[in-house]
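The structure under discussion appears below in the form of C-alpha cells.
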DNA sequence: CGCTTGATAAAGCGTCTGCTTGAGTATCGC
DNA sequence: GCGATACTCAAGCAGACGCTTTATCAAGCG
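Protein chains in written order, with the working numbering: chain C, 1 to 115; chain V, 1 to 115.
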C-alpha cells in the first residue's frame, strides 16, 4: 500500500514547500528563469540565505541551476511538482471511493427498510 | 500576487505532509475513522508520539478528533487538502501559461522570418 | 595584474521538531 | 471505590532548520 521508494523524495518536496520564501521563489520561477541575485532582491535576508533556499529546492528536484558567465540562472524543473500532486490526488481518491461505498451501503439499507 | 492570508496555513499543511508517518496516517484515515491506539499500532514509536503527530495534522486542519467513550476517534477533514493542491495547481498554471506565451512568441518570430 | 561582482562553503547560533519518559485526566467494567 | 484502558500534558534531549557572518572561488573589467 505504501510506496516506500518515493517517501524520501516526498519528505524533501513537502518540506521544501513548507516555507513561504521557497514557495514564493517557485512561484517567481514559474514566470521565467532568474539569477540568485534577482531572486534574493525582494527579501530582507542575505543573498547566502536565498542561495541556501535554492539549494533546498534543488535537492528535492524542483529547481535546477545552470551557469552563464558569473551568474547561476535558476529554472523550474517542469514535472517535479507531479510527485506531490499525485500523492495528494491518490489520498483524495481513496477518500472519495470510501464515501461512494458508504453511500451505496446507506442506499441498500434504505432499500431494505422499504421492503 | 502573493495571498498572505493563506501563507501560514500552507506552511503548516506542507510541513505536516513533510513527514512519512503523518502522510501514512492521512492515507489510513482515508479508509475510515480510527482511534489513536489503532493508528499507533503499526509503528515502533510510542503512543504519545503518534498523538503528537495527530495533533500536528489537527492544527493544520487536515484531521479532526471527536470523543466516543474513552476513545478519541480521528477522521479526515474532507476539503482540507484543497489548500495545498490549489497552490500547486496555481504554480503549474503560471508555468504552463508562460510556456504558451513562449510558443506564441517563437511562432511569431518564425512568421517574421518567412515574410 | 588587482578590483569588483555573483555566487558557494563553512561555522556558529537560536529556534523548532520528533521522540522519549513520567505524570495526569477521563471513562469503562467490576 | 478500584484498577484497567485510552489518551493528553509536560519536560527534556538530540538533531534538523533558518539565518547570520566570514572566508573562498570564479568570471568579467580597468
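Just so you know, even glycine gets a beta-carbon here, dropped at the ideal spot from N, CA and C.
Where residue i sits in the DSSP three-state scheme
| i | result |
| --- | --- |
| residue 46 of chain V | coil |
| residue 23 of chain V | helix |
| residue 71 of chain V | strand |
| residue 34 of chain C | strand |
| residue 62 of chain V | coil |
Where residue i meets chain C, residues with beta-carbon distance less than 7 Å
| i | result |
| --- | --- |
| residue 91 of chain V | 26, 27, 30 and 81 |
| residue 7 of chain V | 20 |
| residue 65 of chain V | The premise fails here: residue 65 of chain V is roughly 17 Å from chain C at the closest Cβ pair, so nothing lies under 7 Å. |
Cutoff 8 Å: residue i Cβ touching any chain C Cβ
| i | result |
| --- | --- |
| residue 50 of chain V | no |
| residue 85 of chain V | yes |
| residue 115 of chain V | Bear in mind that a pLDDT of 48 at residue 115 of chain V, under 50, signals an unreliable position, so the number given afterwards is only what the model happens to contain. Chain C contact via Cβ: absent. |
| residue 88 of chain V | yes |
| residue 39 of chain V | no |
Residue-chain proximity (residue i, chain V), Cβ-Cβ < 8 Å
| i | result |
| --- | --- |
| residue 100 of chain C | no |
| residue 94 of chain C | yes |
| residue 57 of chain C | no |
| residue 106 of chain C | no |
| residue 2 of chain C | Only weak support is given to the placement of residue 2 of chain C: the predicted model assigns it a pLDDT of 47, under 50, and the value that follows is read from those uncertain coordinates. Yes, because at least one Cβ of chain V sits closer than 8 Å to the Cβ of residue 2 of chain C. |
| residue 60 of chain C | no |
Within chain V, the residues that residue i reaches when beta carbons sit closer than 7 Å
| i | result |
| --- | --- |
| residue 103 of chain C | Those do not exist, as residue 103 of chain C stays about 14 Å from chain V at its closest Cβ, beyond 7 Å. |
Residue i, buried or exposed, once every other Cβ within 10 Å from all chains shown has been counted against 16
| i | result |
| --- | --- |
| residue 13 of chain C | buried |
| residue 105 of chain C | exposed |
| residue 102 of chain C | exposed |
| residue 44 of chain V | exposed |
| residue 17 of chain C | buried |
| residue 68 of chain C | exposed |
| residue 93 of chain C | exposed |
| residue 107 of chain V | exposed |
| residue 84 of chain V | buried |
| residue 59 of chain V | exposed |
| residue 86 of chain C | exposed |
| residue 47 of chain C | exposed |
Closer than 8 Å at the beta carbon, the chain V residues around residue i
| i | result |
| --- | --- |
| residue 15 of chain C | 14, 15 and 18 |
Chain-ordered chain V contacts of residue i [CB-CB under 9 Å]
| i | result |
| --- | --- |
| residue 10 of chain C | 17, 18, 20 and 23 |
| residue 76 of chain C | 91 and 95 |
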